[in-house]
Amino acid sequence: MKTLWTIEQDATDGLCRLGIDDPSHAVNLLSVAALDALDACIDRVENGLETGLETGLETELEPGIETGPHPHPIKGLIIYSRKPKGFIAGADVGEFDRLANPAEAERHIRRVHALLARIEDLPIPTLALINGICLGGGLELALACRYRIASDDPATKLGFPEVRLGIFPGYGGTWRAIRTLGPIPAMQAMLTGKTYSARQAQRMGLVDRVLPQRQLEAGARDLIRAAPVPSRANFSQRLPNLPPVRGWVARRMTRRTAAKVRQEHYPAPFALIEHWRANGENARGLLDGEARRVPELLLGETSTNLRRVFRLQERLKALSDVEVPRPQRIHVVGAGVMGGDIAAWCALSGLTVTLQDLSLDQIGQAMKRAHRLFEQRLRDPRMVRAAWDRLIPDPDGEGLRRTDLVIEAVAEQAELKQSLFSEMEERVSEHALLATNTSSIPLERIGEGLRDPGRLIGLHFFNPVARMQLVEVVHGTSTRPESLQRGLAAVRALDRLPLPVRSSPGFLVNRVLMPYLLEAVDLLDEGVSIAAIDKAALDYGMPMGPLALADTVGLDICLAVADTLGPALTAPEETPERLRRMVADGRLGKKSGQGFYRYRDGQAMREPIPRGARPADDLTERLIFRLLNECVACLREGIVEDPDLLDAGVVFGTGFAPHRGGPLHEIAQGGWNRMRERLDTLQRDHGRHFRPDRGWKLTPAGLYRGGH
């Protein structure tokens, strides 16, 4: 077995260093094997408190441990990562799927509780040395130490992301976070799943010191020698734990949480609030509550599906693991909202970017938006200035000669794009990758005039660029495999999720969204209210209703995509006249202040469902089955390689209800034949636009291969 932990003692000051390096993963995980080895290491520390680490026992070590002989009593313990980047990313999520029942999960949690209690109870100073990500179980381990020092590297992130997996911290995190931070900031951190920079964590009280990486070791030794009183929440921070106040605060937390997510879809945050309300600052109660409630959540449907979505995300990240050059210089053509925001995100990600447009005013507006983004995301004036310096206005396109990657983001007109790429091909170097941000035009058409269409790909970003994780990496019939790989690598360099898709009208995301949006407009024409239509989608678990989504995307963009895709859909249909009239009248959605909704200060003015109105029982199904049917068609046509990639694309590209695990997973869970029969009924009741794609006639095994 490969070494997981090394344990060694410094003969000069008696400090023991316990380092983890999980050789089976790119990041350190608290797997069962890692916990077993850590348990054995703590045995050795406890045995060496008076005499030092035992010598001459290397051949008797438990699997997964290495040690070095030192005869002096142990005076302090430093837990650190032997990987260059990253402390501990949390538990091994894959092992959760092997838990047979809640009782087995509870035994595992209580075992970890006992292990971390042993670390906390050591009569010597203990310190977690954090460089890189420290999340979930990794942060719970760090909180069991007396002190925490973090690197000021931007890659250092701390947080409790468990709620995104449908659970809440279960390795003692609820108790130790509340004790350290106070209940309000601790609950906010756990309820949101937010990650914090080292400086933010220091201001909160999660870490004691933040130092440059080169000073971490010396800082750790200094802090252990000084041995100050451990950081704890002060009296005013602890006040909300008083029983009368705690109940009132918990009710407010519940109301605020319910305004964002539904308890029937996402039970974990509500369970966490009740867990705190019932147990407060009672350490035993909080630990027992974790051991009882987390296993129930862990084996529930929501957590099972959210863990599936997590694995889908990890698969998208791994698509760029092939060693290919990542871009250092990017040239963006088109400084409109999409092009300008793509350029800003590239600069924020550390790349040098030149931004070209015929309009100096467009470039100026893009630069203003970029500066706001830098200030919001970076906060440190020096980092804001550095990002600003990386974004270079370039109206004449001088950056084309030196760029590694060109991203075109001009108007959605095939002829314009063809002409532009033919011109750019003459100016860029032979190694430069050419990319278009088209949302619907096939790659083959754009590349018709190129001498070398093999280096043309699509990089389809979604609006808003700073919030949407997915980027479709489009490959056409002429695209070389290495061009596709370079595109995948470029997207990961921007900390985004790349999805390889075959060039076809609308690619994947717009293709499956369009029937869903068009059905919403059809319902509106039938007299169903805007509020009822969007509520039907929210009831299913979508993050926003289809009409609110259309307003956010822009009705002019929806119209252009509908005109392009309408004939190509599984059930071809004409663009709704209502949509065409709204665009002609300048009602473009949120950006114009009026679309399906009216907007005031960027917020939709929503109206309730009309009194007495009783929307049809199949309203939600009409919306969702249009989307599901198009997903089956896309898989049959090979727009993506397999069902998991399709589910990943639709979840991260459209916001498809994450707690359901993806559209094809939803079909599999509902029963392939039963779902097909429901679609037949909808066709009988509402017309041919519910005609099932012929992919439904394939066997489930032929179209859906297990979902994992």
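For the sequence shown, the positions run 7 to 714 when the numbering used here is used. Glycine is no exception: its CB is placed at the ideal position from the N, C-alpha and C atoms. This one's a predicted model, so the numbers in the text were calculated from it and none came from an experiment.
For the pair GLU302 and THR570, the Cα-to-Cα distance works out to about 47 Å.
CA-CA distance, MET520 to LEU449, rounds to 20 Å. Approximately 6 Å separates the beta-carbon atoms of LEU553 and ILE539; this is inside 8 Å, confirming the contact.
In this structure, the CA atom of LEU293 is about 15 Å from the CA atom of ILE173. Residue environment: ALA109 is assigned as exposed (fewer than 16 neighbouring CB atoms within 10 Å of its CB, all protein chains considered). Of the candidates GLY179, GLY138, PRO175, GLY138 places its Cα closest to the Cα of ALA161. In this structure, DSSP gives LEU245 a helical state, which the three-state scheme calls helix. Taking 4 residues as the minimum length, the alpha helix (DSSP H) runs contained wholly in the region 504-535 are 515-531, in order along the chain. Selection HIS695, VAL638, HIS665, LEU652 evaluated against GLY701 yields VAL638 as nearest (Cα-Cα). Sequence-distant partners of VAL339 (beyond 5 residues in either direction) whose C-beta falls short of 8 Å from its own C-beta, in its chain, are GLY345, GLN362, ASP363, GLY403, VAL412, ILE413, GLU414, ALA415, VAL416, LEU426, MET430. In the three-state reduction of the DSSP assignment, MET389 falls in the helix class. By the Cβ neighbour-count rule, HIS695 is buried, with 16 or more other Cβ atoms within 10 Å of its own. VAL328 and GLN491 have their alpha carbons spaced roughly 7 Å apart. Within the DSSP bridge table, the entry for VAL216 names ALA156 as partners. In the structure shown, ARG604 falls within a strand segment according to DSSP collapsed to helix, strand and coil. Spatial neighbours of TYR86 in its own chain (CB-CB distance under 6 Å, excluding positions within 5 residues in sequence) are listed in chain order as GLY25, LEU135.
The alpha carbon of ALA232 has as its nearest neighbour, out of ARG238, ALA239, ALA224, the alpha carbon of ALA224. For the set PRO191, HIS271, ASP158, ALA204, the Cα lying nearest the Cα of PRO218 is the one of ASP158.
Around the C-beta of VAL657, 16 or more other C-beta atoms lie within 10 Å, and the residue is accordingly described as buried. Nearest Cα to ALA372 within the set ALA393, GLY667, VAL343, GLU478: VAL343. Looking at the DSSP output, GLN419 sits in no beta bridge, so it has no partner there. Within the same chain, and ignoring the five residues on either side of ARG152 in sequence, the residues whose Cβ sits closer than 6 Å to its Cβ are PRO131, THR132, PRO236. A contact between stretches requires three or more CB pairs, one per stretch, nearer than 8 Å, and the region 440-456 meets this requirement with the region 473-489. If you look at THR12, you'll find it in the beta strand (DSSP E) that goes 11-15. Unbroken alpha helix (DSSP H) runs of no fewer than 4 residues, entirely contained in the region 271-301, are found at 273-285, following chain order. Within 10 angstroms of the beta-carbon of MET588 lie 16 or more other beta-carbons, which makes it buried.
Taking TYR522 as reference, the option from ARG628, ALA239, GLU613, GLU580 with the minimal CA-CA separation is ARG628. Residue pairing by DSSP places GLN362 opposite VAL339 in a beta bridge.
LYS374 counts as exposed, since fewer than 16 other C-beta atoms from the protein chains shown sit within 10 angstroms of its C-beta.
Between the alpha carbons of ASN443 and VAL51 lies a gap of roughly 57 Å. Under the three-state reduction of DSSP, LYS163 is assigned to strand. Bounds of the alpha helix (DSSP H) holding MET210 are 204-210. In terms of Cα proximity to TRP11, the closest of ARG584, LEU514, PRO29 is PRO29.
Counted as a single uninterrupted DSSP element, the stretch harbouring LEU121 is not any beta strand (DSSP E) but the alpha helix (DSSP H) occupying residues 108-126. Residue pairing by DSSP puts CYS22 in a beta bridge opposite GLN15, LEU83. Between the C-alpha atoms of ASN34 and ALA654 there is a straight-line separation of about 24 Å.
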